[in-house]
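All residue numbers for the sequence shown refer to my numbering, where the first residue is 18 and numbers rise by one.
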Amino acid sequence: MQNVLKNSRAVLMIVVVALGLSFTACGGVSEEEMAQLEALRSEVRSLSNEVDQLKAEKTKLEREIAERNAKLEECQKAQEAAKANLEKIK
18 MQNVLKNSRA VLMIVVVALG LSFTACGGVS EEEMAQLEAL RSEVRSLSNE
68 VDQLKAEKTK LEREIAERNA KLEECQKAQE AAKANLEKIK
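See the structure below:
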């Protein structure tokens, strides 16, 4: 019985020491880690801005494509009308 009690105390002491060491080892964030975090945040902001700019450019290009396609359709209709008029003349 005394051996079990001694072993229990030894195990309990080991657990207490291990927990104490683990809590002190996690003391917080170092200045270097904070600098890395800030650098990553800055990079994320920069990339987000770039994404926004590229989305705006894409929207602009899609609008230009739509306008040119509309003009192309108008030209094709005018060409067909001109061909039809030429056929009438002949």
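Note that the Cβ used here is the ideal one computed from N, Cα and C, for glycine as well.
{"Check": "Reduced DSSP category for V61 - H, G, I as helix; E, B as strand; rest coil", "Outcome": "helix"}
{"Check": "Nearest-angstrom Cα separation, counted from K75 out to E49", "Outcome": "39 Å"}
{"Check": "Reduced DSSP secondary structure (H/G/I, E/B, other) of K88", "Outcome": "helix"}
{"Check": "V68 - DSSP class collapsed to helix/strand/coil", "Outcome": "helix"}
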